[in-house]
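Colleague:
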Amino acid sequence: MKKFLFIAIITILNINLTQAQDQINWLTFDEAAALTQQKPKMILVDVYTDWCGWCKKMDKETFTDAKVIEYVNSNFYPVKMNAENTKRAFEFKGKEYTEATMAKAMRVNSFPNFVIMDASMENITQMPGYREADPFLKGLNNLVEKFSK
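Just so we're aligned: the sequence shown equals residues -20 to -1, 1 to 129 in mature numbering (1 follows the signal peptide of the UniProt record, and there is no 0).
1. Would you report the Cα separation of Lys75 and Ala12, rounded to the nearest angstrom?
2. Residues in the same chain with beta-carbon distance under 6 Å from Thr29, minus the five sequence neighbours each way, listed in chain order, please.
3. Ignore the nearest five residues each way along the sequence and tell me which others in Leu123's own chain have a CB closer than 6 Å to its CB.
4. Please determine, among Ser54, Thr42 and Glu50, the residue with the shortest C-alpha to C-alpha distance to Phe94.
5. Could you tell me whether the Cβ atoms of Ala99 and Lys37 are closer together than 8 Å?
6. Throw me the rounded Cβ distance for the Glu50 and Met61 pair, which I believe falls under 8 Å.
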């Protein structure tokens, strides 16, 4: 019985680990802020809207690419932020924001838009517009190499 239980637990753990790498582990902005205080890491903020067709194309094509999933999960705290969401409030650097007011504070005015922040939660740059997997990875890798030194 103990042997069966051990095998069952190992199987469940393997399934969960495999599933975790099948998608990007999206966080809220405040979750990423808390995590980067514990373990510093760059942050990738995907600023989108519900009506944005290119945003949906990024979700369907680029963010399902295995290389993108692995790279983003390994190198960033990835955040999904709806630029029109005014309902959920959070605090950042002593001020209260919604996703909509944070997107405005980040000066995002086109979608999709990817805001890259360093581990101290300072904006490094924006990468606006739809991107296929390989160009997206190349752009992210250039930023990681430049700002991780």
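Even glycine gets a Cβ: it sits at the ideal position worked out from N, Cα and C.
Modeller: Judging by the given coordinates:
1. 16 Å
2. Ala63, Glu64 and Phe91
3. Ile96
4. Thr42
5. no
6. Wrong, their Cβ atoms sit about 22 Å apart, outside the cutoff.
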